[in-house]
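Data first, discussion second: the structure below is written as structure tokens.
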Amino acid sequence: MDRRRLSYDELAAERRSTNQHYGQRRHPIGVLLWNIRSAYNVGSIFRTCDAARVEVLLLSGYTPGPDRHRVHKTSLGAEHTVPWQRYDDPHQAIAAQRHAGHRIIAVELVSNARPYTTVSADDFPATFVFGNELVGIGEDVLADCDDAIVIPMFGLKHSLNVAVSVGIVLYKALEALGLTASRELAERRD
322 MDRRRLSYDE LAAERRSTNQ HYGQRRHPIG VLLWNIRSAY NVGSIFRTCD
372 AARVEVLLLS GYTPGPDRHR VHKTSLGAEH TVPWQRYDDP HQAIAAQRHA
422 GHRIIAVELV SNARPYTTVS ADDFPATFVF GNELVGIGED VLADCDDAIV
472 IPMFGLKHSL NVAVSVGIVL YKALEALGLT ASRELAERRD
């Protein structure tokens, strides 16, 4: 088997044009960030949301937006390819997503959370809520969620970096929707 690193030119040849990208159906996934402090994490999450082709990224509370240099720098332009909205009040963001038919799922260390690995196609459309790096999701926001999932921790620390958590959950969501990398690559090469 030929296993070599693909060149930039090969990757560029595989990349969709801007028109193709905007014409493609987005996956029925929303991401709500509540009071995320780090602009670098938010920029990274923009890139992950682009990679997963989510419907929308919602910024809430004091989460910095792409107008901040550090978000823009880290996102590498993904703020132009990911539909995003700002909501000062997270409950308004949740209401908008619920009105759009989304189930609201907190990603948090709470007593009744189910493992993230149990996310299935029946959960969608869904919006996943991620909270502050230190204190998590506020109790009032948690109370507004329909469900909660947890990423298990096996070390001494009780949480992962929020950008890492978003990546884990989004790619599990894509898997639950039957959107595997091998299928996507096969469709792009046909």
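Note that the numbering used here numbers the sequence shown so that position 52 is 373, with each residue one more than the last.
Glycine included, each C-beta is placed from N, C-alpha and C at the ideal position.
Query raised in the report: Closest by CA to residue 422, which one among 489, 444, 430?
Result: To locate residue 422, count along the sequence shown from 1; it is residue 101. That would be 444, whose Cα lies nearest to the Cα of residue 422.
**Report entry** Pairwise C-alpha distance: residue 475 and residue 398
**Finding:** Mapped onto the sequence shown, residue 398 falls at position 77. Mapped onto the sequence shown, residue 475 falls at position 154. Going by the C-alpha atoms only, they are around 35 Å apart.
Query raised in the report: Buried or exposed: residue 327, going by 16 or more other Cβ atoms within 10 Å of its Cβ?
Result: In the sequence shown, residue 327 corresponds to position 6, counting from 1. So residue 327 counts as exposed.
Query raised in the report: Is it buried or exposed for residue 325, if we count other Cβ within 10 angstroms and need 16 for buried?
Result: Walking along the sequence shown from the start, residue 325 turns up at place 4. So residue 325 ends up on the exposed side.
Query raised in the report: Given a threshold of 16 other Cβ atoms within 10 Å of its Cβ, counted over all protein chains shown, does residue 396 qualify as buried or as exposed?
Result: Residue numbering aside, residue 396 sits at position 75 when the sequence shown is read from its first letter. Classification of residue 396: buried, given that the 10 Å Cβ count is 16 or more.
Query raised in the report: So residue 418 is in the alpha helix (DSSP H); what residue range does that whole segment cover?
Result: Residue 418 sits at position 97 when you count from the first residue of the sequence shown. Its alpha helix (DSSP H) spans residues 411-420.
Query raised in the report: Would the stretch 450-459 and the stretch 426-439 be scored as touching if the rule is three or more Cβ pairs under 8 Å?
Result: yes
Query raised in the report: Using the rule of at least 16 other Cβ atoms within 10 Å of the residue's Cβ for burial, across every protein chain shown, is residue 486 buried or exposed?
Result: As a working note, residue 486 is residue 165 in the sequence shown. It is buried - the Cβ of residue 486 has at least 16 other Cβ atoms within 10 Å.
**Report entry** residue 385 versus residue 346 - alpha carbon distance
**Finding:** Within the sequence shown, the letter at position 64 stands for residue 385. Within the sequence shown, the letter at position 25 stands for residue 346. Cα-Cα distance, rounded: 27 Å.
Query raised in the report: Would you say residue 494 and residue 417 are within 9 Å of each other, going by their C-beta atoms?
Result: To locate residue 494, count along the sequence shown from 1; it is residue 173. To locate residue 417, count along the sequence shown from 1; it is residue 96. Not closer than 9 Å, so no.
Query raised in the report: What span of residues does the alpha helix (DSSP H) with residue 492 cover, start to end?
Result: The count along the sequence shown starts at 1 and reaches residue 492 at position 171. 483-497 is the extent of the alpha helix (DSSP H) around residue 492.
Query - Counted within 10 angstroms of its Cβ, other Cβ atoms place residue 408 as buried (16 or more) or exposed - result: Against the sequence shown, residue 408 aligns to sequence position 87. Result: buried.
Report task. Run the CB neighbour count on residue 411, radius 10 Å, all protein chains shown included, and call it buried at 16 or more, exposed below. Result -> Locating residue 411 in the sequence shown gives position 90, counting from the first residue. Residue 411 is buried by the Cβ-count criterion.
Report task. Report the three-state DSSP secondary structure of residue 365 (helix, strand or coil). Result -> Mapped onto the sequence shown, residue 365 falls at position 44. Reduced to three states, the DSSP call for residue 365 is helix.
Query raised in the report: Count the other CB atoms within 10 Å of the CB of residue 439; is the residue buried (16 or more) or exposed (fewer)?
Result: Residue 439 sits at position 118 when you count from the first residue of the sequence shown. Looking at its Cβ environment, which holds fewer than 16 other Cβ atoms inside 10 Å, residue 439 is exposed.
Requested in this report: Quick one: measure Cβ to Cβ for residue 351 and residue 380, integer angstroms, because I've assumed they're closer than 8 Å.
Outcome: Locating residue 351 in the sequence shown gives position 30, counting from the first residue. Locating residue 380 in the sequence shown gives position 59, counting from the first residue. About 12 Å; that fails the 8 Å criterion.
Requested in this report: Out of 394, 366, 420, 419, state which residue places its alpha-carbon closest to the alpha-carbon of residue 405.
Outcome: Here residue 405 refers to the residue found at position 84 when the sequence shown is read from its first residue. Nearest option by C-alpha distance: 366.
Requested in this report: Give every residue of the same chain whose Cβ lies closer than 8 Å to the Cβ of residue 373, excluding the five residues on either side of it in the sequence, and list them in chain order.
Outcome: Start at 1 with the first residue of the sequence shown, and residue 373 comes out as number 52. Excluding positions up to five away in sequence, the list reads 348, 350, 491, 492, 494, 495.
**Report entry** Selected residue, minimal CA-CA separation from residue 354, among 425, 442, 452
**Finding:** Along the sequence shown, one-based indexing puts residue 354 at 33. Closest option to residue 354, Cα to Cα, is 452.
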